[in-house]
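Enquirer:
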């Protein structure tokens with residue numbers, strides 16, 4: 001499931017993926033991180049830079065952040 005495309009977060013798909021893939025104790029922190037960062041890379045033209053900005057924002061706003 002693709003949660004970001006061309007540097008933009010697909011909020012609904014991201015929520016669905018959180019609900020589907022994460023254990024219940026992690027869901028609130030990930031939802032809060034997603035809410036805080038859904039427009040963090042808005043206006044950034046470079047897709048790689050946008051992905052990095054989103055990842056950094058999510059790391060800062062989610063105390064249970066994990067990156068595979």
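In the UniProt record's numbering, the protein residues as written are 1 to 68. Using N, Cα and C, we set each Cβ at its ideal position, and we do this for glycine too. Every value quoted in this text rests on a predicted model; they were computed, and no experiment measured them.
So the candidates are 51, 30, 45 and 41; which of them puts its Cα closest to the Cα of residue 63?
Expert: Of 51, 30, 45 and 41, the smallest CA-CA separation from residue 63 is found for 30.
Enquirer: Please state the DSSP three-state secondary structure of residue 38.
Expert: coil
Enquirer: Do you know whose CA, among 66, 67, 5 and 9, lies nearest residue 34's CA?
Expert: 9
Enquirer: In the structure shown, what three-state DSSP assignment does residue 45 receive?
Expert: coil
Enquirer: When the distance is taken between beta carbons, is residue 36 closer than 8 Å to residue 54?
Expert: no
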